[in-house]
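*Asks:*
Residue numbers (our numbering): 13 to 95.
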């Protein structure tokens, strides 16, 4: 099973802060093309995208993931293994 970005959470933050995705990625220090492929391409989320976004959005990493499996540490272990 894969962990995907929580599109609803990210889009809600973007709307609330009136920040478009390219600007949000720049603020977080995330490559926009990488974010784009994970956000729109339905690719598995990676820690390199999720962690900086969580820091910017001031939320837990788990809140940015749309998953239905595993415990918190299992999710992080799987993400770290994919880096």
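Glycine included, C-beta positions come from ideal geometry on N, C-alpha and C.
Where do the ends of the alpha helix (DSSP H) carrying residue 60 lie?
*Replies:* Unbroken alpha helix (DSSP H) run through residue 60: 59-69.
*Asks:* Taking its Cβ as the centre, do 16 or more other Cβ atoms sit within 10 Å of residue 52, making it buried, or is it exposed?
*Replies:* exposed
*Asks:* May I ask you to list the residues that DSSP assigns as paired with residue 16?
*Replies:* 78
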